[in-house]
Each structure stands twice: as C-alpha cells, then as structure tokens.
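The sequence shown begins at 2 in the working numbering and counts up by one.
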Amino acid sequence: EGYYGIRMYRAQGGPYMIGVCIRRMDICMPIGEFAMSRRAREIQAFRDDETARLTTLYPQLAPAGI
Numbered sequence: 002e003g004y005y006g007i008r009m010y011r012a013q014g015g016p017y018m019i020g021v022c023i024r025r026m027d028i029c030m031p032i033g034e035f036a037m038s039r040r041a042r043e044i045q046a047f048r049d050d051e052t053a054r055l056t057t058l059y060p061q062l063a064p065a066g067i
C-alpha cells in the first residue's frame, strides 16, 4: 500500500493497539507498551532521516519551513 506510519486499532473485545505500517500490518502492540518502548523514537528517527534525505535530493519540492 505504500503508506509508512503509525495506525491505531482496537483489538476485538480488547485494548487499543498501535500498528506500525511498513508495507505489512504484523507489527502491532498495546499502546502502553508502545509508549514505554523505544519503537516510537525509532520511528521518529526514521521519519526525520527520510525527510532530510529527500529534502537534500529534492530541495525544490520541500515545503517551506523544512
């Protein structure tokens, strides 16, 4: 599907879950576990690195303020 990011799900009859979508939907964990893990920081670092890389490659397409 091509979308990279975080999605929220509600387990059937259970807690809300965080799903990290990286072309597959199998990386899922409870929100509390996600918040206490290093996964959120890893995702933010990946996103920041990708933004920097793409901004360097295509500066003319970067939104103002980046």
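Idealized CB from N, CA, C, for every residue including glycine.
These numbers were taken from a predicted model, which means no experiment stands behind them.
Report task. Under 6 Å Cβ to Cβ from Y10, same chain only, skipping five residues before and after it: list those, please. Result -> One-based indexing of the sequence shown puts residue 10 at position 9. Counting only Cβ-Cβ distances below 6 Å, and skipping sequence neighbours, we find M18, G20.
**Report entry** Under 7 Å between C-beta atoms of T57 and A63
**Finding:** Along the sequence shown, one-based indexing puts residue 57 at 56. Along the sequence shown, one-based indexing puts residue 63 at 62. No, Cβ-Cβ distance for T57 and A63 is not below 7 Å.
Query - Three-state class that DSSP yields for P60 in the structure shown - result: For the purposes of this step, residue 60 is taken as residue 59 along the sequence shown, with counting starting at 1. Correct three-state label for P60: helix.
Query raised in the report: Does any heavy atom of the ligand ADP sit closer than 6 Å to the C-beta of M9?
Result: As for the ligand ADP, it is missing from this structure, which has no ligand bound.
Query raised in the report: If you check the beta carbons only, do C22 and R39 fall under 7 Å apart?
Result: Working through the sequence shown from its first residue, we reach residue 22 at position 21. Working through the sequence shown from its first residue, we reach residue 39 at position 38. Taking 7 Å as the Cβ cut-off, C22 and R39 do not qualify as a contacting pair.
Requested in this report: With P16 as the anchor, note down where its beta strand (DSSP E) starts and where it stops.
Outcome: Here residue 16 is taken as the residue at index 15 of the sequence shown, counted from 1. P16 -> no beta strand (DSSP E), and no H or E assigned at all.
Query raised in the report: Exposed or buried, F35, counting other C-beta atoms within 10 Å across all chains shown (16 or more means buried)?
Result: Within the sequence shown, the letter at position 34 stands for residue 35. Burial call: buried.
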